[in-house]
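This note's numbering puts the sequence shown at residues -11 to 156.
Where a beta carbon is used, it is the ideal one built from N, C-alpha and C, also for glycine.
Nothing here was measured: the structure is a model prediction, and the numbers come from that model.
Read through the structure below, which is laid out as structure tokens, and then see the notes.
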Amino acid sequence: MGKEATLVIIKPDGLIKSLTGNILSRLSETKLKIIGAKLIKVSPDLAQKHYRHLADKPFYEELIKYITGTLHGDDRVMALVYWGEDAIQKVRAIAGATNPEEATPTSIRGAYGRILTSGLFENAVHASSSIDEAQREIQLWFEPQEIVYPLYPAKEIEVPATRKYVWA
Ligand code: IDP
Ligand code: MG
């Protein structure tokens, strides 16, 4: 035990079903602190890096379609970093088992998840499963300045002239 960070992603089904508030309410039961939050579109590259450990699974292609939003026709996900005592286990407990049919009915996945005809587990949320995975995932989804806490060592670099969108 000890203070640790964990990544939560509200997957496209969670956003489409307007479950964001419900999911955040459930997660607030943990009394953990939110130290990072953003709504983003998931690129195929980010999806593949995130789920690299599942690349050889029969459901992998469907899983990439799921997290990038092509399955639901809506590519928004909400990414959050929670911080505090035993954060990984606390969030996983409220999220519930990976398979929504096996998840406790009162867990997020038990309440809101389902198994698609394709066999894919549509389960509303992602939650990191270990300290190492949490660090890898948080560093993949967030930049240091997007987290209001110096979680991991960071360095300052000079960014050469880049192009970005500003309001017209
Ligand atoms: P986790 O999300 O509980 O950590 P992982 O094994 O990391 O579970 O799998 C990532 C995601 O892939 C799951 O949340 C679920 O959407 C999907 N998934 C995992 N295992 C299966 C399976 O056996 N059949 C269908 N989909 C699965
Ligand atoms: Mg996992």
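Distance check between lysine 143 and each of Glu131, Thr150 and Val154 places Glu131 closest, using alpha-carbon atoms only. DSSP places tryptophan 71 in the strand class (E or B) of the three-state scheme.
Under the rule that a run must span 3 or more residues, the beta strand (DSSP E) segments found entirely inside the region 109 to 152 read 113 to 115.
Arginine 14 sits buried, since 16 or more C-beta atoms from the chains shown fall within 10 Å of its C-beta. Lysine -9 carries a strand assignment under DSSP once its states are collapsed to helix, strand and coil. The Cβ-Cβ distance between valine 30 and glycine 57 falls below 8 Å. Straight through space, the alpha carbons of histidine 114 and leucine -5 are spaced by roughly 8 Å. In the structure shown, lysine 21 adopts extended strand secondary structure according to DSSP, grouped into three states.
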